[in-house]
Amino acid sequence: MAERFTVREETQPIGGPTMSAKVMPWISLTTFGHSPTTENYTLRLWKTTYRKFLTSGLELVRNDLPCVTARLPVLIYTAGIWAIDFADKFPGCEVIGTDISPIQPGWVPPNLKFEIEDCNQEWTFPSESFDYVHLRYLVGCIPDWTELFSQAYKTLKPGGWVESFEISPTAESDDGTVTYDSAMAQWGRIFVEASKKIGNSFTVVDDKVQRPALQEAGFVDIHEWEFKCPLNPWPKDPKLKEIGRFGEVFLTQDTEGFVTLAANLLGWSMEEVYVYIAKFRREVRNRKHHVYIRLRAVWARKPETKEEPTPA
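Numbering (my numbering), first residue to last: 161 to 472.
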């Protein structure tokens, strides 16, 4: 019998020249997302940068998860790609991918189906119906992380696992090449200030939100993994250089899609946005800037019926 999985990859559309005026007010009033979801953007990155960037060798072993006995890619910027790759990797699993936007490709593996759902609303899945729930890149979208993980707890079978994979907006360097007054450093501050206007934090990784929220929701056996992801090919290590190369393209190919709504919430004019974007792209492409962002995966288990919770 096939195992049943859910892969929640909910990304909110943001502003841009092709975004409908009907969508924009709804986004700014309810939840703030960071992934542009216009058709051209999605198709272009699906065919080129996304797949290269996401499968460039950054992997994490989860041998203790049910049915997950291989090396899984854990660096994913996508609306659906992770679910597709997971379903391809594990054809014996029934995989459900959810997103708030209907932007998935037309062809998917036969063991995968996509559903439109908002993870901030009451989940529609039956209690104790999944072995594994994966949540990815929801920074800026979630008002209450404990409530989010509590929903996952309810839908998981006893002994099932949840994984939360998030990203920091803060561009850093270990050698001072990312200075406070640089456009790269300003990138994180733009999102942090914009998030204050909508009430959803972007500093989930910086503030180490995931572990305590998982504990509060009742999960046990909590594990963490953190990675400094290069944003241009400055590292000497060949694999990190490859990741950085595609990270650079990923960030500079549609910078407008990432930053426009946040900047607009702060009162920037489009002229100011374009000036900032030009400076940001120049800096990211400069190999002398040893820039990276932090990624963190935290995974935890729903206890068996009589099992004691993990101490805080």
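Glycine included, C-beta positions come from ideal geometry on N, C-alpha and C.
Closest by C-alpha distance to residue i, when choosing among the options
i	options	result
K409	A377, L391, D259	One detail in the question is off: residue 409 reads as Val in this sequence, not Lys. It is L391 whose Cα lies nearest to the Cα of V409.
E323	S333, Q311, T330	Q311
G348	F246, E402, F250, F440	F440
T315	V338, T284, D304	T284
D367	I241, F274, R456	R456
I241	R447, P269, Y313	P269
H449	D334, H383, A373, L421	D334
A438	V458, G266, L411, P463	L411
D291	P251, I382, D278, W321	W321
V365	I382, F387, G417	F387
D414	P398, A243, V433, L298	V433
Y297	F325, T306, S342, E376	F325
N446	R405, E416, T363	R405
C301	V435, V352, R461	V352
M389	N280, T330, W305, K462	The sequence shown places Cys at residue 389, not Met. Selected option, being the one with the closest Cα: T330.
G266	E332, K356, I244	I244
N424	P251, D278, K357, T363	K357
T113	V444, P251, I276	Because the chain spans 161 through 472 in this model, residue 113 falls outside it and cannot be assessed.
V380	P463, V444, L400, T363	P463
CA-to-CA distance, residue j to residue i, given in whole angstroms
i	j	result
G407	T465	43 angstroms
L308	D248	27 angstroms
E402	V451	14 angstroms
E288	V255	15 angstroms
M344	P286	44 angstroms
Y340	G319	45 angstroms
G193	K396	Caution is warranted here: a pLDDT of 41 is assigned to G193, below 50, making its placement in the model unreliable, and the coordinate value is therefore given only provisionally. The alpha-carbon atoms of G193 and K396 are separated by roughly 33 angstroms.
L426	A354	6 angstroms
G359	P303	7 angstroms
G336	W394	14 angstroms
N271	V293	16 angstroms
C253	I327	27 angstroms
F246	F274	13 angstroms
P398	E282	44 angstroms
S361	A422	13 angstroms
G378	E384	16 angstroms
Q518	R371	Missing from the structure shown is residue 518; the chain here goes from 161 to 472 and no further.
F418	I350	11 angstroms
E376	L295	17 angstroms
T420	I453	20 angstroms
Y436	V338	16 angstroms
Y313	I382	13 angstroms
S261	W428	26 angstroms
W459	W305	14 angstroms
S342	A373	33 angstroms
R461	K317	10 angstroms
T190	E443	Reliability fails at T190, whose pLDDT of 29 lies under 50, so the model's placement of it is uncertain and the value that follows must be treated cautiously. Distance between the alpha carbons of T190 and E443 is about 33 angstroms.
E431	F250	47 angstroms
E332	D278	32 angstroms
V299	L400	24 angstroms
N280	E416	26 angstroms
Run of the beta strand (DSSP E) containing residue i, from where it starts to where it stops
i	result
D381	380-390
I256	253-259
Y138	Nothing in the structure corresponds to residue 138, since the chain is present only between 161 and 472.
W459	452-461
D291	290-296
F274	272-276
Where the alpha helix (DSSP H) containing residue i begins and where it ends
i	result
L411	398-413
I241	241-249
CB contact below 8 angstroms: residue i versus chain C
i	result
E353	Checking the listed chains, one finds no chain C in this structure; it contains a single protein chain.
Run through the region 310-370 for me and flag every whole beta strand (DSSP E) of 3 or more residues, listed as ranges in chain order.
316-327
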